[in-house]
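Numbering (this note's numbering), first residue to last: 1 to 176. Ideal placement from N, C-alpha and C gives every residue a C-beta, glycine not left out. Here's the structure we're looking at; comments come further down.
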């Protein structure tokens, strides 16, 4: 038992030392470059790359560069699940930049189970409950909050005597 404990301690120390001396911070990216939301997915993915390039050009994070490992899942949920599995079974992935609502909702329980930092570009209110999706982080209010804020802005700032008209335009896919 003592040999096992010593061996385990040495193994853990080597793993921690390897992470501490890694030259890059690898972030997996599940992107829609060719699918139903590629019209916004491709520029978003390019923006993520631009942010990583800027951070790297500014000295990185504590001297370490960000390396994106990007995969196009063409907005197909099964493909996103496969890419996620690949990322979480590969060494070196520190976090994952996700994309769509369908795939993020399909992954939310697994993300919590795996304790994976997941930065989603989906703003579904279903993903805001820390008890159910505590490792999913996003950078804006959820969709319904954004709509309420927009409608409130129109109501508070409308100057014409007639009531304003609002139109909702959305893409023709399950999460549009």
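- C-alpha of residue 141 to C-alpha of residue 123: approximately 7 Å in a straight line.
- Between the alpha carbons of residue 157 and residue 29 lies a distance of about 39 Å.
- Around the beta carbon of residue 116, a 10 Å sphere encloses 16 or more other beta carbons of the protein chains shown; the residue is thus reported as buried.
- Taking all protein chains in view, the Cβ of residue 98 is crowded by 16 or more other Cβ atoms within 10 Å, so the residue is classified as buried.
- The straight-line gap separating the alpha-carbon atoms of residue 42 and residue 153 is approximately 30 Å.
- Note: residue 28 is bridge-paired with 69 and 96 in the DSSP secondary-structure output.
- For residue 151, the enclosing alpha helix (DSSP H) has its first and last residue at 143-157.
- The alpha-carbon separation between residue 167 and residue 60 amounts to approximately 43 Å.
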